[in-house]
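Let me begin by presenting the structure, written as structure tokens, before commenting on it.
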Amino acid sequence: MAKTEQVVEIVRDGAVLVAGVVLVLSTPWLPVAGDREITGALLLLGLLLAGSALWAMGLASRSSHWTHVVLGLVLVAAPWLLVYPSGVTTADVITVAAGAVALVAGLLGVRERRGAVALAA
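Start counting the sequence shown at 0; every next residue gets the next number (numbering that gives the first Met the number 0).
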């Protein structure tokens, strides 16, 4: 892997890390008061997202990128899967934005890895 590709991958994984940290740190202020299940699920998903980003930074593997894709899809669908109550637009936006960042970063990582494997063969 060339130096510039490695830097791009670290920046991409750093964006996923920031999205996970923002999700975790914003959980106490998200307007889903009284719904501890949703708050707990978002906290757990944010921790998993941040952990997968650290994993991706430590190991350059395709599995970490697929983990970003899966977590991104879950986060994008979370407002409907978890049935957010009405009037929690901020929680919707933060959840979907974090999911979109993870999804795009994961798909780009998978595509880049697939290209690298094809070139090596």
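Beta carbons are placed, not taken as given, at the ideal position from N, Cα and C, and that holds for glycine.
Measure the beta-carbon distance from residue i to residue j and round it to whole angstroms, keeping in mind my assumption that it falls under 8 Å.
i	j	result
residue 12	residue 49	That pair is no contact at about 11 Å.
residue 42	residue 23	6 Å
Can you give me the C-alpha to C-alpha distance between residue i and residue j, rounded to a whole angstrom?
i	j	result
residue 84	residue 91	10 Å
residue 102	residue 87	22 Å
residue 67	residue 17	13 Å
Should residue i be labelled buried (16 or more other beta-carbon atoms within 10 Å of its own) or exposed?
i	result
residue 62	exposed
residue 94	buried
residue 26	buried
Exercise for review: Please determine if the stretch 35-42 and the stretch 55-71 are in contact, where contact requires at least 3 C-beta pairs separated by less than 8 Å.
Suggested key: With a cut-off of 8 Å, the stretch 55-71 and the stretch 35-42 do not count as touching, because too few Cβ pairs lie within range.
Check your understanding: Can you find at least 3 beta carbon pairs, one from the stretch 3-11 and one from the stretch 70-77, that sit closer than 8 Å?
Key -> Output reads no: the stretch 70-77 does not touch the stretch 3-11.
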